[in-house]
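K.L.:
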Amino acid sequence: DELYFNAIGGDWTFPIENATITVQLPERATIQQSSAYSGRQGEATCNCTLISEDNILTINTTRALQPFEQLTFAVAWPKGFVKEPSTIKKTLTFFKDNFHVLFGLIGLGIVTFLYYKAWKKVGVDPPKGTIIPLFDPPAGFSPADAGFLHTMYLTQRVISAAIVSMAVKGHVKITNIKKEYTLERLSKDFALLSEEEKAISSALFSGNPKIKLDNKNHSRFTRARTNAVLKLNKKMKPRYFSLHSKHLVKGIFASVFLVILTFAFSPSPAIPLILIFLLIVLVSLFTYLIKAPTIEGRTIMDEIEGFKLYLSVAEQKQLDALHEPDMTPERFEALLPYAIALGVENQWGKKFENELAKSMQETKGYSPTWYVGAAGAMAFSPQKFSTSMGSSFSSAISSASSPPGSSSGSGGGGSSGGGGGGGGGGGW
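In terms of the numbering used here, the sequence shown has 33 at position 44, counting the first letter as 1, and numbering is strictly consecutive.
#1: Check for me: the alpha helix (DSSP H) holding residue 121 runs from which residue to which?
#2: So what does DSSP say about residue 14, is it helix, strand or coil?
#3: How about residue 149 and residue 329: do their beta carbons lie closer than 9 Å?
#4: Using DSSP with H/G/I as helix, E/B as strand and the rest coil, what is residue 167?
#5: Please return the same chain residues whose Cβ sits closer than 6 Å to the Cβ of residue 52, not counting the five positions on each side in sequence.
#6: Just how far apart, CA to CA, sit residue 342 and residue 314?
#7: Looking at the secondary structure, which residues open and close the beta strand (DSSP E) in which residue 46 lies?
#8: What is the rounded straight-line gap between the Cα of residue 254 and the Cα of residue 89?
#9: Grab me the residues of residue 198's own chain with a C-beta within less than 7 Å of its C-beta, minus the 5 sequence neighbours each way, in chain order.
#10: Determine whether the beta carbon atoms of residue 114 and residue 261 lie at a separation below 9 Å.
#11: With H, G and I counted as helix, E and B as strand and the rest as coil, what does DSSP make of residue 197?
#12: In its own chain, which residues sit with a C-beta less than 6 Å from the C-beta of residue 44, not counting the 5 before and 5 after it?
#13: Using the DSSP secondary-structure output, state which residues sit across from residue 5 in a beta bridge.
#14: Counting only the same chain and skipping the five closest in sequence on each side, list residues whose C-beta sits under 8 Å from that of residue 239.
#15: Is it true that the stretch -1 to 14 meets the stretch 54 to 66, where meeting means three or more beta-carbon pairs spaced less than 8 Å apart?
#16: How do the stretch 258 to 277 and the stretch 90 to 102 stand: do at least 3 beta-carbon pairs fall below 8 Å, yes or no?
#17: State the beta-bridge partners of residue 59 as determined by DSSP.
#18: Which residue's Cα is closest to the Cα of residue 326: 5, 55 and 146?
#19: Measuring CB to CB, does residue 216 end up less than 9 Å from residue 188?
#20: Hey, quick one: how far does the beta strand (DSSP E) through residue -8 stretch, first residue to last?
#21: Using a threshold of 9 Å, state whether the C-beta atoms of residue 60 and residue 54 are closer than that.
#22: Can you tell me where the alpha helix (DSSP H) with residue 279 in it begins and where it stops?
#23: Of the residues 273, 167, 185 and 142, which one's Cα is nearest the Cα of residue 153?
#24: Would you mind stating whether residue 374 and residue 331 have Cβ atoms separated by less than 9 Å?
#25: Is it true that the CB of residue -7 sits closer than 9 Å to the CB of residue 62?
#26: Give every residue of the same chain whose Cβ lies closer than 8 Å to the Cβ of residue 418, excluding the five residues on either side of it in the sequence, and list them in chain order.
#27: Looking only at its chain, what residues have a beta carbon closer than 6 Å to the beta carbon of residue 165, apart from the 5 residues adjacent to it on each side?
#28: Which term fits residue 86, buried or exposed, when burial requires 16 or more other beta carbons within 10 angstroms of its beta carbon?
If you want it as structure tokens, here you go:
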């Protein structure tokens, strides 16, 4: 058995010139090991003497303890002299010493149950239908509409797809010189644009028909993204899907209450801070899980999945039985924004390249009129171009949207301030 005790704590604000500590063990209990530590918190030496005589240990300091210095000792003796607590008492002591941890775990379980109950009520998605290849997007859905509903949130690809869609329609020209992109508005006619494309164009080209994809213009790109989100939300929610955020309110309030009480009960901030991290992870997870499409939305999402399947299948023979429409440059360009929004632009570019090869046409004979690249048409590759529009261009838009710039004390080591006890007080 061992006693590891902080006899003089580190809260004293004045020097202690001399200190003597006497430890008397039970009768006939001999001291097997003893040690002491003095100084600032964590120091493992002692300016003191230790005298052991039978069952009595005497500790005397050899220099004054300065303000906030401590004195800790550890003494060990054979087992059998101190009655061990019963299992019940050990259990009760454990619960008492770790009440803040248990309280946090129970509270975390309750919050999880509240979130799960909310998800079960409104967050379970309608069953997915049979997915078959479709050659066209859902009627009335722009590339941004399709991409937004497909993920039920706005990705950077959706913005990229909207801008490429505007370019295909002749509203914008995209110039790429040494991976530096410039957008130029060619027309003020918004007739062919979808609502979110109109919002993006108005934000990007207000006062200037040409804009570089540079973070110096981040305010314009941020405004364009915000305006696009507003338009897409208005069209998609709640008709096609809902975030169901209000159903998480009970769990959020319970989380706040739990954190406050855990801080009140906990002897240190460690457990409450860990709890806060877990609660943030939990609410983030259920925020993602609880959003769900409506029945109508699920039907449209199935159509989008079928259309995505067509865009991503590069081999003609896999679709021959379905009478796939002829691939033309116009069709390739018209559907490229959808491929970007759905993340399959590489496959779509390869599909077009394969069709050009089958018809004995060279890819260098094709180049989109709405795009100007440094290499020129002679080095043009539909597949590489499509991939560039999906990754490099999206990355450039994203950049432009960002603003510039426990061990034993006596036998295995210890330190001053370890063990129980300690503290401080007044003096004269």
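C-beta atoms are modelled at their ideal positions from N, C-alpha and C, and glycine is treated no differently.
P.N.:
In brief:
#1: Segment: none, residue 121 is in no alpha helix (DSSP H) and carries neither H nor E.
#2: It is coil, neither helix nor strand.
#3: Contact flag set, yes.
#4: Three-state result, residue 167: coil.
#5: These residues qualify, in order along the chain: 36.
#6: Whole-angstrom Cα-Cα distance: 16 Å.
#7: 45 to 50 is the span of the beta strand (DSSP E), which, as asked, contains residue 46.
#8: Taken atom to atom, the span from the alpha-carbon of residue 254 to that of residue 89 is near 6 Å.
#9: The answer, listed in chain order, is 173 and 174.
#10: No, the pair does not count as a contact, with Cβ atoms beyond the cut-off.
#11: Three-state DSSP puts residue 197 in coil, outside helix and strand.
#12: Non-local C-beta neighbours of residue 44 in its own chain, meaning closer than 6 Å and more than five positions away in sequence, comprise 14 and 18, ordered along the chain.
#13: According to DSSP, which records beta bridges pairwise, residue 5 is partnered with 54.
#14: So the qualifying residues of the chain are 103 and 107.
#15: Between the stretch -1 to 14 and the stretch 54 to 66, the count of Cβ pairs shorter than 8 Å is three or higher; the stretches touch.
#16: Touching, yes, given that three or more Cβ pairs across the two stretches are closer than 8 Å.
#17: Bridge partners of residue 59: 28.
#18: Out of 5, 55 and 146, the CA that lies nearest to the CA of residue 326 is found in 146.
#19: Closer than 9 Å, so yes.
#20: -9 to -3 is the span of the beta strand (DSSP E), which, as asked, contains residue -8.
#21: Taking 9 Å as the Cβ cut-off, residue 60 and residue 54 qualify as a contacting pair.
#22: Unbroken alpha helix (DSSP H) run through residue 279: 259 to 279.
#23: Nearest C-alpha to residue 153: 185.
#24: Going by C-beta atoms, residue 374 is not nearer than 9 Å to residue 331.
#25: Taking 9 Å as the Cβ cut-off, residue 62 and residue -7 qualify as a contacting pair.
#26: Past the boundaries of the shown model lies residue 418; the chain is included only from -10 to 417, so the question cannot be answered.
#27: Hits under 6 Å: 362.
#28: With fewer than 16 other beta carbons inside 10 angstroms of its own, residue 86 counts as exposed.
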